[in-house]
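**Student:**
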Amino acid sequence: MGTPDFSVPALQALLAAGHEIIAVYCQPPRPAGRGQADRKSPVQQFAESKGLQVRTPKSLKSDEAKQEFAALGADVAVVVAYGLILPKAVLDAPTYGCLNIHASLLPRWRGAAPIHRAIMAGDSETGISIMQMDEGLDTGPVVREARQSILPTDTTGMLHDRLARQGADLIVEVLADLSTLTPVTQPETGITYAQKIDKSEARIDWNAAATIVDCHIRGLSPFPGAWCIAGAERIKLLQSERVNGAGRPGEHLGDFRIACGTGAVRILLAQREGKKPLQADEFLRGIALPDVIN
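Heads up, the sequence shown is in numbering that gives the first Met the number 0, so the first residue is 0 and it goes up one at a time.
Pasting the structure below:
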């Protein structure tokens, strides 16, 4: 049960390990692109390419949906970034319940955007938790976890890809030990919530310290992309590093170094509206940056 790119490696790994996938659940096709034609999710596209049975209900709350799920007679459901609420009847239907691949070390960063929030908060470590799902928001007991360092150069996109592969490997290990797992209740301390990223958060505040600005830029890359105004043009800043430098917040210090409230950042990857992302040197050849960026 999964929908976006993050879910695909887990399905690939389950197939490679020889597990019988009796059904794949993902969210229905959604309008996308300039023509707003319905587009199948990455999981649906991959599953159909492998000849797997795909189901795309809009909800699992109806009696019919619950009965159809229970009729599968599944040993276990693997859930990763599915995006729909699982009612108790669904959670209880498989013999071993529903196991969720969550991209954080629970109980830190429960919720929708754990990878973004970990980088934005300046965390040095995250990981994968395999959790026995209950009716709460990522509150179930953890059956296994694996740790992952967050590098100073990581964007959400980079960390997303590593965690997707790590989660895929870990769920295969867990299923091999399915009958002997010992779930561990999550501690009541250290709980944080990773709220869904809102586009209103994306504008850069140059008055903040360089450490915060750098984490903000990398944490929102590639989506939705932290942005600022250069002259009359809105640009996205997609990768950065902290550097020495001082000036008025937003002052361009040269070489795409921008002063923050304290310290400065150098922009490594940027994007003009309607254009593709470019490395800094190539980007600067096509635009004259003003003295102050807002």
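Glycine is no exception: its CB is placed at the ideal position from the N, C-alpha and C atoms.
Are the Cβ atoms of glycine 166 and alanine 76 separated by less than 9 Å?
**Tutor:** Not a contact, by the Cβ cut-off of 9 Å.
**Student:** At the level of alpha carbons, what is the spacing between phenylalanine 282 and aspartate 153?
**Tutor:** Each residue's Cα considered, the two are about 21 Å apart.
**Student:** What are the start and end residues of the beta strand (DSSP E) that includes arginine 33?
**Tutor:** Looking at the DSSP string, arginine 33 is not in any beta strand (DSSP E), and its letter there is neither H nor E.
**Student:** How about the stretch 191-211 and the stretch 32-40: do they share at least three Cβ pairs that are nearer than 8 Å?
**Tutor:** Flag = no, the stretch 191-211 and the stretch 32-40 do not touch.
**Student:** Throw me the rounded Cβ distance for the leucine 180 and valine 141 pair, which I believe falls under 8 Å.
**Tutor:** In fact, because the Cβ distance is near 10 Å, the residues do not count as touching under 8 Å.
**Student:** When we look at the beta-carbon of lysine 49 and count the other beta-carbons within 10 Å, is it buried (16 or more) or exposed?
**Tutor:** Result: exposed.
**Student:** Where do the N-terminal and C-terminal ends of the beta strand (DSSP E) with leucine 252 fall, by residue?
**Tutor:** That run of the beta strand (DSSP E) goes 251-253.
**Student:** Glutamate 295: buried (16+ other C-beta within 10 angstroms of its C-beta) or exposed?
**Tutor:** In this structure the chain extends from 0 to 293, so residue 295 is not present and cannot be described.
**Student:** Round the Cβ separation of serine 220 and glycine 156 to the nearest angstrom and send it over; I've been treating them as touching at under 8 Å.
**Tutor:** The pair is a contact, with the Cβ atoms about 6 Å apart (cut-off 8 Å).
**Student:** Hey, out of Val173, Lys87, Val212 and Gly260, whose CA is closest to glutamine 238's CA?
**Tutor:** For glutamine 238, the nearest C-alpha among the options comes from Val212.
**Student:** With a Cβ-Cβ cutoff of 9 Å, do alanine 269 and arginine 241 count as a contact?
**Tutor:** Their beta carbons are not under 9 Å apart, which means alanine 269 does not touch arginine 241 by this criterion.
**Student:** Report yes if the CB atom of tyrosine 24 is closer than 9 Å to the CB atom of tyrosine 81, and no otherwise.
**Tutor:** Their beta carbons are under 9 Å apart, which means tyrosine 24 touches tyrosine 81 by this criterion.
**Student:** What are the partner residues of methionine 0, as DSSP defines its beta bridges?
**Tutor:** None; methionine 0 has no bridge partner.
**Student:** Taking alanine 64 as the reference, give the member of Ile266, Val89 and Gln44 with the closest Cα.
**Tutor:** For alanine 64, the nearest C-alpha among the options comes from Val89.
**Student:** Taking just the CA atoms, how far does leucine 177 sit from isoleucine 21?
**Tutor:** Rounded to the nearest angstrom, the two C-alpha atoms are 18 Å apart.
**Student:** Out of Met130, Ala69, Gly72 and Phe255, state which residue places its alpha-carbon closest to the alpha-carbon of asparagine 99.
**Tutor:** Comparing Cα-Cα distances from asparagine 99 to each of Met130, Ala69, Gly72 and Phe255, the minimum goes to Met130.
**Student:** Quick check: leucine 136 and arginine 109, are their CB atoms within less than 9 Å of each other?
**Tutor:** Closer than 9 Å, so yes.
**Student:** Is the CB-CB distance between arginine 247 and alanine 231 below 9 Å?
**Tutor:** For arginine 247 and alanine 231, no; Cβs fall outside 9 Å.
**Student:** With a threshold of 8 Å on Cβ separation, who are the neighbours of arginine 161 within its own chain once the five nearest residues in sequence on each side are excluded?
**Tutor:** These residues qualify, in order along the chain: Gln147.
**Student:** What would DSSP say about alanine 337, mapped onto helix, strand or coil?
**Tutor:** Outside the displayed span of the chain (0 to 293) sits residue 337, for which this structure offers no information.
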